[in-house]
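Inspection log for the structure reproduced underneath, given as structure tokens.
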Amino acid sequence: MDTILIIGGRLEAMQKAKDLGLRVVFLQHKERLLPGQAELADALLLVDYLDWEVTRPLIRAAHEAYGFGAVMTLVEQATELAGRINDLLGLDGHSYEVAHRFRDKRRMREWLHEVGFESVGCSEVESAEDVREFGSRHGYPVLVKPMDGT
């Protein structure tokens, strides 16, 4: 039977994995564990998984013990962690660098431009004047979004 590491999230992802016949190693913050998750998990790791120094040795041990062959998360804050785990263990899936780029919109747009994909104008702004200057260069309307997250 194949095993998957699921990082955070809701019960539905775990249930789908079980329905597919997978064993589930579940990594979750202790205070975010939802009813039913402990029962569905074949192994449960409760830790502040955003602390890489704490999480890394636990992941190595869990991989040795349970041999998971894939990592998945539907939690945006955990995508970089999934990449770190893939890099650490040589697993298929996105790398830390790719996940980091996806979470940093400016960096992603710069990368797209570097590899030849045209993208909409993008600039880091800190003031209303910066926004006006951007609008003058690229046209209106403009959309202002945080650098990371959604």
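At position 132 of the sequence shown the residue is numbered 138 (this note's numbering), and the sequence of numbers has no breaks. Think of the CB as a built atom: it goes at the ideal place given N, C-alpha and C, for glycine as much as any other residue.
One or two residues paired with residue i in a DSSP bridge
i     : result
Val31 : Leu11 and Ala49
DSSP-derived helix/strand/coil call for residue i
i      : result
Val77  : strand
Asp98  : coil
Leu87  : helix
Pro147 : coil
Asp54  : coil
Glu70  : helix
Glu132 : coil
Glu124 : coil
Leu26  : coil
Gly141 : helix
Pro41  : coil
Arg62  : helix
Arg115 : helix
From the options, residue whose alpha carbon lies closest to that of residue i
i      : options                        : result
Ser142 : Met153, Cys128 and Val30       : Cys128
Arg90  : Gly73, Arg66 and Tyr72         : Arg66
Asp57  : Phe74, His35, Tyr72 and Gly75  : His35
His106 : Ala76, Asp48 and Ala84         : Ala84
Ile87  : Ala76, Tyr55 and Lys151        : Reading off the sequence shown, one finds Leu at residue 87, where the question assumed Ile. Nearest option by C-alpha distance: Tyr55.
Gly73  : Gln21, Ala49, Glu120 and Met20 : Ala49
Nearest-angstrom Cβ-Cβ length linking residue i and residue j, presumed shorter than 8 Å
i      : j      : result
Phe140 : Val131 : 6 Å
Arg29  : Thr9   : 4 Å
Val53  : Leu40  : Contact flag wrong, Cβ pair sits at about 16 Å.
Taking 8 Å as the threshold, find out whether the region 8-28 comes into contact with the region 76-84 through three or more Cβ pairs. yes
On the three-pair Cβ rule with 8 Å, is the region 110-121 touching the region 87-94? no
Mind the definition here: the region 69-78 touches the region 39-47 only if three or more C-beta pairs lie below 8 Å; say whether that holds. no
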